[in-house]
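Peer 1: Here you go, one structure.
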Amino acid sequence: NTTNLQQGLAKTWFQFNGTGTPANRGSFNVTSLTDNATGNYTQVFTNNMSDQNYATSGIAGGASGNWADSLDHMYVANPCLTTSVQLASSYNTNLADTERSAGQISGALA
């Protein structure tokens, strides 16, 4: 637990299937994944971030399960919250569900 509190380490990570009924395949410090709409998801944190100024990174992959079979993008869809982050995935500028999406959050926990 002590290492998780150090600044600079990932405080949250997730890897999920965003097709059909979206579900996390693996995660850390995430209680749930919400499907808001096509290509739009919310990851809810188990332990809140201390503020909304945290760093996010992510990747989205195509429907065949390969990371590189399409030009999908994942980005923060709305301002970050201390309790969750809303993400969107797109293909050629259109929102799209992807089979493999992953991301991590770095910053300070509350």
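Here this note's numbering is used: the first residue of the sequence shown is 913, the next is one more, and so on. Where a beta carbon is used, it is the ideal one built from N, C-alpha and C, also for glycine. Predicted model, so just to flag it, every value in this text is computed and none were measured.
Mapping the DSSP letters down to three states, classify alanine 989 as helix, strand or coil.
Peer 2: As a first step, residue 989 must be located in the sequence shown, where it is residue number 77. In this structure, alanine 989 counts as coil in the three-state DSSP scheme.
Peer 1: Please name the residue in Glu1011, Leu945, Thr995 and Ala922 whose C-alpha comes closest to that of asparagine 960.
Peer 2: Here residue 960 corresponds to residue number 48 of the sequence shown, with the count starting at 1. The option with the nearest alpha carbon to asparagine 960 is Thr995.
Peer 1: Have a look at asparagine 936 and alanine 967 and give me their C-alpha separation to the nearest angstrom.
Peer 2: The sequence position of residue 936 within the sequence shown is 24, counting from 1. The sequence position of residue 967 within the sequence shown is 55, counting from 1. Distance between the alpha carbons of asparagine 936 and alanine 967: 20 Å.
Peer 1: If you reduce the DSSP assignment to three classes, tell me which class asparagine 959 lands in.
Peer 2: What you label residue 959 is simply residue 47 of the sequence shown in a count that begins at 1. If DSSP states are grouped into helix, strand and coil, asparagine 959 belongs with coil.
Peer 1: For glycine 951, which of helix, strand or coil comes out of DSSP?
Peer 2: Taking the sequence shown and counting its residues from 1, the one referred to as residue 951 is at position 39. If DSSP states are grouped into helix, strand and coil, glycine 951 belongs with coil.
Peer 1: Return helix, strand or coil for alanine 1015, following the three-state DSSP convention.
Peer 2: Position 103 of the sequence shown, counted from the start, is the residue given in the question as residue 1015. At residue 1015 the sequence reads glycine, which differs from the alanine that was named. The answer is strand: DSSP assigns glycine 1015 an E or B state.
Peer 1: Please state whether the Cβ-Cβ distance between threonine 958 and threonine 946 is less than 7 Å.
Peer 2: On the sequence shown, position 46 is the one that residue 958 refers to. On the sequence shown, position 34 is the one that residue 946 refers to. Cβ atoms of threonine 958 and threonine 946: not closer than 7 Å.
Peer 1: Could you tell me if aspartate 963 is buried or exposed, where buried requires 16 or more neighbouring beta carbons within 10 angstroms of its beta carbon?
Peer 2: Taking the first residue of the sequence shown as position 1, residue 963 is located at position 51. The residue in question, aspartate 963, is exposed, as its Cβ has fewer than 16 Cβ neighbours within 10 Å.
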